[in-house]
Amino acid sequence: MSGQNVIVIGAGIVGASTALALQRDGHQVILIDREGPCAGASFGNAGAIVNESCAPTAVPGIVFDVFRMIGRPLSPFTIRLSYLPRALPWMLRFLNESRRSRVSLNAKNLHALTKIAEKSWRKLTSGTDLGDLLRPGGWLKVYESDKSFAGTAFARSLMDELGAPYEILDPAGIQELEPHLAPIYAHGLFVREGLMISDPGRMTNEMVELFLSRGGRLQKFTAERLEIGADNIVVHDRSDSLAADKVVIAAGAWSRKLAAQIGDRVPLDTERGYHLMLPASSSALLERPVMSGDHSFVLSPMDEGLRLASQVEFAGLAAAPNYSRIRSLVPAAKRMLPAISTTEQSVWMGCRPSLPDSLPVLGYATKCDRVLYSFGHQHLGMTLGPRTAMITADLLAGRDPQIDMRPYRADRF
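Start counting the sequence shown at 173; every next residue gets the next number (this note's numbering).
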């Protein structure tokens, strides 16, 4: 089936990738967003395309880690007390997903998506200038002590079980890869496969520009309500409406409300993430994103500067940002990379759409064959944008997506 009229709700990396993939199949696509392209989490991430990522966030023992982190001043995790009653149902599901049987299954299903993430990026950007924004280099995590590295044993066992490649580095190996890092790291975990996007915002915006140049349509439009008709589906905002044959909900953290309107009550919540930009002179000090395994922050070299990215904050969509925690990590970043300039250029907060099992919601709505879902990518939106876009395109065209869709259904909870 081809040549349908499709509305894609959400112009982040997932929505932009989906619009391009559907357009390639011959569909007439309208891309809508309440703010415009790349206004949400796609703008501010670390830019890593983590091929073969397979470790879900919920793992055995996570409950103890959460309680330990809540009181630490440099903790990467926090829940605002005012939001705790809202977050509690999600947290209980999250803890349930940390059972070993669930973790193994979630890891398998996550890996089924990520194992061809790089290939999907190459395919979507082939024949375009977008490939110029993709850089090789992989992903490096570093650990200061034997104790902190020992905490990776379970994640490494999952990688071994699924055949996801990685290398363990000693101090000399770390310095060979990243000579500007302070010589304080005892162990490194290096995933050689994978790419980096040196400007995620630019990549997303240029994808939208390519979509427009090929005849696509972009409209600033707040999707408030979906109305399912006999021969179409209508998306309403407060004063206007758009009709189509199909709708793809790729609105990230704002997808839950729309899915509920058509009968799918998905336990989607918001992990708010933060970044702080350091001067461009510091960006040249690293070749790839490097994560501190001890303090759970990433230093990522971007075109506009060095990005310090971290934090998981549960506070909902509407609460004002709290930049004090990301700023509190600057001394730790300086300790990691002593030559950096610590002059703050800008700070940012965005909302990651997250589900308790670390898997996105993909495929057709449970009760409506006019709606497809592609949301809940958590920390892997940049990694999985093209991959899940191609799955959506396959489903809409009636092709076999070459993956079991049951683990990603909206009604799996």
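Even glycine gets a Cβ: it sits at the ideal position worked out from N, Cα and C.
In this text, all values refer to a predicted model and were calculated from it rather than measured experimentally.
Closest option to Val186, judged by alpha-carbon separation, among Pro579, Pro337, Leu552: Leu552.
In the three-state DSSP reduction, Glu269 falls in the coil class, being neither helix nor strand. Pro525 sits in a strand when the DSSP states are folded into three classes.
Of all alpha-carbon atoms in Thr300, Gly373, Asn177, the one lying nearest the alpha-carbon of Glu476 is that of Gly373. For Asp566, there is no enclosing beta strand (DSSP E); the residue is found in the alpha helix (DSSP H) stretching over 553–569. Counting of Cβ neighbours within 10 angstroms places Ala561 among the buried residues, the total reaching 16 or more. Here the alpha carbon of Gly345 sits roughly 11 Å from the alpha carbon of Val314. At the C-beta level, Pro532 and Trp311 stay beyond 8 Å of one another. DSSP places Gln176 in the coil class of the three-state scheme, outside both helix and strand.
Your pair Ile181 and Ala422 checks out as a contact, with CB atoms roughly 6 Å apart and the cut at 8 Å.
Between Leu285 and Gly388, the alpha-carbon positions lie close to 27 Å from each other. Between the region 217–237 and the region 519–537, the count of C-beta pairs closer than 8 Å reaches three or more; the two stretches touch.
Around the beta carbon of Phe239, fewer than 16 other beta carbons lie within 10 angstroms, which makes this residue exposed. The C-beta distance from Gly445 to Ala220 rounds to 13 Å, too long to fall under 8 Å, and the pair is not in contact. Residue range 540–547 is occupied by the beta strand (DSSP E) that includes Phe547. When secondary structure is reduced to three states using DSSP, Ile346 falls in the helix class.
Check the Cα spacing between Pro248 and each of Phe362, Glu485, Pro232, Pro351: the tightest is with Glu485. The C-alpha of Glu459 is placed about 10 Å away from the C-alpha of Pro351.
Check the Cα spacing between Gly465 and each of Lys319, Asn281, Ser189: the tightest is with Lys319. Relative to the Cα of Gln200, the nearest Cα in the group Ala537, Ala415, Lys539 belongs to Ala415.
Partner residues in the beta bridge of Leu312, as assigned by DSSP, are Phe362, Val462. By the neighbour-count definition (other C-beta atoms within 10 Å, threshold 16), Met375 is a buried residue. Counting only runs that start and end inside the region 363–435, the beta strand (DSSP E) elements of at least 3 residues fall at 367–369, 389–392, 397–400, 405–408, 413–416, 418–421. Note that the C-beta distance between Asn223 and Glu365 is below 8 Å. C-alpha of Asp237 to C-alpha of Val178: approximately 44 Å in a straight line. Cβ contact annotation for Ala452 (same chain, cutoff 6 Å, sequence separation greater than five): Gly477, in chain order. If you look at Ile251, you'll find it in the beta strand (DSSP E) that goes 249–251. Three or more beta-carbon pairs separated by less than 8 Å link the region 417–437 to the region 537–549, which places the two stretches in contact. When the Cα atoms are used, Leu277 and Pro355 turn out to be separated by approximately 38 Å. Taking Ala487 as reference, the option from Ala504, Val502, Cys523 with the minimal CA-CA separation is Cys523. Excluding the 5 residues flanking it on each side, Glu333 has same chain C-beta neighbours closer than 8 Å at Ser276, Ala279, in chain order. Going by beta carbons, Ser513 and Ser454 fall inside the 8 Å limit.
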